[in-house]
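Data first, discussion second: the structure below is written as structure tokens.
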Amino acid sequence: MNAIRQRATDVPRYGDLTSAQVRQAMDGATLVWPVGGLEQHGPHLPLSVDMDIPDALARQVVAEAGGLLLPGQPFSARSLPQSGGGLHFPGTVHIGGSTFIDYLTDCLTSLARLGPARLVVINGHYENEGLLFEAIDDCAQATLFPDTEVLAFSWWSLVTEEWLDEHIPHFPGWHAEHAGLTETSLMMYLRPDTVRAERPGHDAPPPAGVYRHPVDVDAISNQGVLSSAVGASAELGESLFRHLVDGVVHLLGKPPRDS
Numbered sequence: 190m191n192a193i194r195q196r197a198t199d200v201p202r203y204g205d206l207t208s209a210q211v212r213q214a215m216d217g218a219t220l221v222w223p224v225g226g227l228e229q230h231g232p233h234l235p236l237s238v239d240m241d242i243p244d245a246l247a248r249q250v251v252a253e254a255g256g257l258l259l260p261g262q263p264f265s266a267r268s269l270p271q272s273g274g275g276l277h278f279p280g281t282v283h284i285g286g287s288t289f290i291d292y293l294t295d296c297l298t299s300l301a302r303l304g305p306a307r308l309v310v311i312n313g314h315y316e317n318e319g320l321l322f323e324a325i326d327d328c329a330q331a332t333l334f335p336d337t338e339v340l341a342f343s344w345w346s347l348v349t350e351e352w353l354d355e356h357i358p359h360f361p362g363w364h365a366e367h368a369g370l371t372e373t374s375l376m377m378y379l380r381p382d383t384v385r386a387e388r389p390g391h392d393a394p395p396p397a398g399v400y401r402h403p404v405d406v407d408a409i410s411n412q413g414v415l416s417s418a419v420g421a422s423a424e425l426g427e428s429l430f431r432h433l434v435d436g437v438v439h440l441l442g443k444p445p446r447d448s
């Protein structure tokens, strides 16, 4: 494997700068911010899945495309039953929606004052997405980023239909891909020491966008797993990870503010 495609571990980090270095370091800089969560992911995956994946992706992007890695945001919006298993399983730590938007807005406001050329936000928790985008839009409408291009996305948004058709032809949909085939495979590649031997199956993932209360936990998930993890492998995880890195690098191919 070419050296540039090796997994990145030691990359330039914003937190390693001194205060005296910040102003010069921000000149033309790209800041990469992984945003994740601590959420149950069944009996076989750690609580840190939604943080581990965007953090690894952010590190690799910094290594291959340049920039500075920001410390990851480990807490998230509330887990919902039909997309994350909800709060019926122990371990999940969440922030209320309005508080989360305020928190993100404050973080973004502080980052805006630094004046980087580009801010890249990589999300790893499904329920974060709308709130994260709302916070960014509030900042944009307040013209807090006059000279900064903001690029924000959830990692799964970069997975192409072609990749899915080739590797997971019976894909259940991203809303149900919780502790399933892709997350399990990515974790087997990225952090195999944290993945347990169980591979829970679940043949009846919940439909997208349908919320029923009271929640029938046993019907919508198998021990917190919303779609089957059977068939997961480190090889599939590596293929997906490389596909994601290529997708981000492609998005960053144009210089900031280039039309």
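Residue numbers (my numbering): 190 to 448. We put the beta carbon where it would ideally sit given N, CA and C, even for glycine.
Would you list the residues sitting across from P310 in a DSSP beta bridge? Reading off the sequence, residue 310 comes out as Val, not Pro. In DSSP, V310 forms a bridge with W222 and A341.
Taking 7 Å as the cut-off, is the CB of P223 close to at least one heavy atom of the ligand MN? The ligand MN is not part of this structure, which contains no ligands at all.
Got a sec, what are the start and stop residues for the alpha helix (DSSP H) G436 sits in? The continuous alpha helix (DSSP H) containing G436 extends over residues A423 to L440.
Count the other CB atoms, across all protein chains shown, that sit within 10 Å of the CB of G442; report buried if there are 16 or more and exposed otherwise. Answer is exposed; the Cβ neighbour count stays below 16.
If the criterion is Cβ atoms closer than 8 Å, does the pair A341 and L321 meet it? Contact: yes.
Within the chosen definition, does the stretch 271-283 reach the stretch 395-407 through at least 3 CB pairs nearer than 8 Å? Taking a cut-off of 8 Å on C-beta distances, the stretch 271-283 touches the stretch 395-407, as three or more cross pairs fall below it.
Taking the straight line between their C-alpha atoms, what separation do you get for V438 and P403? So the two alpha carbons sit approximately 43 Å from each other.
Please report the distance separating the alpha-carbon of L379 from that of G426. Distance between the alpha carbons of L379 and G426: 8 Å.
Please report the straight-line C-alpha distance between D241 and Y315, rounded to a whole angstrom. Answer to the nearest angstrom: the Cα atoms are 14 Å apart.
Assuming G369 contacts L429 (C-beta within less than 8 Å), just tell me the rounded distance between them. The C-beta distance from G369 to L429 rounds to 12 Å, too long to meet the 8 Å contact threshold.
According to the neighbour-count rule (16 or more other Cβ atoms, all chains shown, within 10 Å of its Cβ), is H359 buried or exposed? The residue is exposed, with fewer than 16 neighbouring Cβ atoms inside 10 Å.
Just the Cα atoms here: how many angstroms apart are V309 and I325? A direct Cα-to-Cα measurement between V309 and I325 gives close to 11 Å.
Give a yes or no on whether the C-beta atoms belonging to A266 and L258 are separated by under 8 Å. With a cutoff of 8 Å on beta-carbon distance, A266 and L258 are scored as not near each other.
Can you check DSSP and say which residues form a bridge with V414? V414 pairs with N411.
H356 - containing alpha helix (DSSP H), residue span: That run of the alpha helix (DSSP H) goes E350 to H356.
Note the first and the last residue of the continuous alpha helix (DSSP H) segment covering E372. For E372, the enclosing alpha helix (DSSP H) starts and ends at L370 to L379.
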